[in-house]
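Mapping of the sequence shown onto full-length UniProt numbering: position 65 corresponds to residue 65, and the numbering continues sequentially without gaps.
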Amino acid sequence: MPRKHDVDALPRDKLLVLYQRLTLDCRKHFQADLAKELNCSPQTVSRLVDVIENHLGKDTYIDRGIEGRKRYYLLRTVSENKALGFAFEELSYLSTCRDLAAPFLTESVLARIDKSLHALALHLGETFPGLPEPTISFHSKGFIDYVPHLATISTLRIAITKRQVCRVTYTAVGRHSPTEYRYAPGHIVAMNGTLYVQGYRLGAGSLLQERPTTFSLHRIADVEPTGEFFRFDAADIGARRFGLTWHEPRKVQIHIAVTAADYVRDRVWSDDQRIDELGDGSVVLTVTTTSEKEISAWVKSFGDSARILNTSAEPGGET
Numbered sequence: 001m002p003r004k005h006d007v008d009a010l011p012r013d014k015l016l017v018l019y020q021r022l023t024l025d026c027r028k029h030f031q032a033d034l035a036k037e038l039n040c041s042p043q044t045v046s047r048l049v050d051v052i053e054n055h056l057g058k059d060t061y062i063d064r065g066i067e068g069r070k071r072y073y074l075l076r077t078v079s080e081n082k083a084l085g086f087a088f089e090e091l092s093y094l095s096t097c098r099d100l101a102a103p104f105l106t107e108s109v110l111a112r113i114d115k116s117l118h119a120l121a122l123h124l125g126e127t128f129p130g131l132p133e134p135t136i137s138f139h140s141k142g143f144i145d146y147v148p149h150l151a152t153i154s155t156l157r158i159a160i161t162k163r164q165v166c167r168v169t170y171t172a173v174g175r176h177s178p179t180e181y182r183y184a185p186g187h188i189v190a191m192n193g194t195l196y197v198q199g200y201r202l203g204a205g206s207l208l209q210e211r212p213t214t215f216s217l218h219r220i221a222d223v224e225p226t227g228e229f230f231r232f233d234a235a236d237i238g239a240r241r242f243g244l245t246w247h248e249p250r251k252v253q254i255h256i257a258v259t260a261a262d263y264v265r266d267r268v269w270s271d272d273q274r275i276d277e278l279g280d281g282s283v284v285l286t287v288t289t290t291s292e293k294e295i296s297a298w299v300k301s302f303g304d305s306a307r308i309l310n311t312s313a314e315p316g317g318e319t
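Structure (structure tokens):
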């Protein structure tokens, strides 16, 4: 018979500790973590969970699932699912989303969100901490005030959902007069403290996509739905590529010196990236980009530690 993990702990001790974990901390508890904490096998954890569930009330049950190949246990109630459809863990995620969006929202909107989070916590029967200050913040040398652009954001979000063609009046960087475009908005993306809308420019009187176009949201003077609707996927976000969408996808090969190789290895730059190891410890990174300007600026930020080897268009792309 194999030796027990902990010969000093009684089964009832482990049962009580596990009961406390499941009932007092309403989040996902992974089997491997519980086994390590209780100093027992995963099979023992599973058996103890069964014992606890057999003694719970009719309104309570233990949800079992797998996340990232790891088995977890989560205490749930039938009334909770019927009333709200989510638990305190999801409420915590909403709080995190609130902190992430805070730089782009007005104080009045943030106050309404905080009030709603507290109300949801009360419905769940949980104690939800106050939010005098966000737990996540951003630091930058300058920021864009998006309060004057909330109406533009709202119009674009509706147009994206309904696939409405819009008439966009936009002033590009370095120009003093605006230009009007027929535009199919796909999605709004945040990058380096700036909001952008990505989509496709349309030809006059046409509902067919002409070319990918990205607008800086704060430089849009006006956006107005035309009453027309497009049928294609203007978001076009099936594959993650380097940079925002300014042109058709292009392959780029970059040599990265030893001093910056680990930094590059630790990150995902595009879904189809390839990293080739060289004998001297340096690497060659191959990525797909839709913004040569961005990738050129990124390479220059490494100084002498990076250089572009070559660039080629993907099939059907521009050269």
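Heads up, the beta-carbon is just placed ideally off N, CA and C, and yes, glycines get one too. Note that this is a predicted model, so its numbers are computed, not measured.
- In the DSSP assignment, Ile256 forms a beta bridge with Val283, Ala306.
- In the structure shown, Glu228 adopts extended strand secondary structure according to DSSP, grouped into three states.
- In the DSSP secondary-structure assignment, Val197 is bridged to Ile188, Phe215.
- The secondary-structure analysis by DSSP pairs Ser312 across a beta bridge with Lys251.
- Val165: member of the beta strand (DSSP E) spanning 164 to 170, first to last residue.
- Contact annotation: the region 280 to 289 does not touch the region 223 to 235, with fewer than three C-beta pairs closer than 8 Å.
- In this structure Phe302 touches Ala260 by the C-beta definition: roughly 5 Å separates them, less than 8 Å.
- A residue is called buried once 16 or more other Cβ atoms fall within 10 Å of its Cβ, and Leu38 is buried on that count.
- In the same chain as Thr169, and ignoring 5 residues on each side of it, the C-beta atoms closer than 6 Å to its own belong to Pro178, Glu180, Ala221, Asp222, in chain order.
- If you check the CB distance, Ile66 and Tyr73 do not come in under 8 Å.
- For Ile275, DSSP records a beta bridge to Leu285.
- By the criterion of a C-beta distance shorter than 8 Å, Arg265 is surrounded in its chain by Ile275, Val283, once the five residues flanking it on both sides are discounted.
- Closest by C-alpha distance to Ser296, out of Leu278, Arg250, Asp33, is Arg250.
- The DSSP-derived three-state label of Val147 is helix.
- Nearest Cα to Leu278 within the set His55, Glu53, Val258, Ser46: Val258.
- Under the three-state reduction of DSSP output, Lys14 falls in the helix class.
- A direct Cα-Cα distance of roughly 25 Å separates Arg163 from Leu105.
- Of the residues assessed, Ser270 falls on the buried side of the cut-off, its CB having 16 or more other CB atoms within 10 angstroms.
- Boundaries cannot be given for Leu208, as no beta strand (DSSP E) includes it and DSSP labels it neither H nor E.
- Scanning Val17, Leu217, Asp99 for the CA closest to the CA of Ala172 turns up Leu217.
- Contact annotation: Pro185 and Ala159 have beta-carbon atoms nearer than 8 Å.
- Here the C-alpha atom of Asp25 lies approximately 15 Å from the C-alpha atom of Tyr93.
- Proximity to Ser46 across Asp59, Thr60, Gly57, His29 peaks at His29, based on C-alpha coordinates.
- From the listed residues Ser291, Ile52, His247, the smallest Cα separation to Tyr200 is found for His247.
- With 16 or more other Cβ atoms from the protein chains shown falling within 10 Å of its own Cβ, Gly243 counts as buried.
- The shortest C-alpha to C-alpha distance from His187 to any of Leu110, Pro103, Thr161, Asp280 is the one to Thr161.
- Non-local C-beta neighbours of Ile113 in its own chain, meaning closer than 7 Å and more than five positions away in sequence, comprise Arg98, ordered along the chain.
- Between Gln253 and the set Asn310, Glu210, Leu22, the nearest pair of CA atoms involves Asn310.
- Under the DSSP assignment, Lys70 falls in the beta strand (DSSP E) whose first and last residues are 70 to 77.
- In this model, Ala32 and Thr44 are separated by some 11 Å (Cα to Cα).
- With distances taken between CA atoms, Ser206 lies nearest to Arg231 out of Arg231, Leu75, Arg64.
- Here Thr290 carries a coil assignment [DSSP, helix/strand/coil].
- Separation of the CB atoms of Thr290 and Arg241 is rounded to 5 Å, and the pair is thereby assigned contact status at 8 Å.
- With respect to the 8 Å criterion, Val189 and Phe215 are not classified as neighbours on the basis of their beta carbons.
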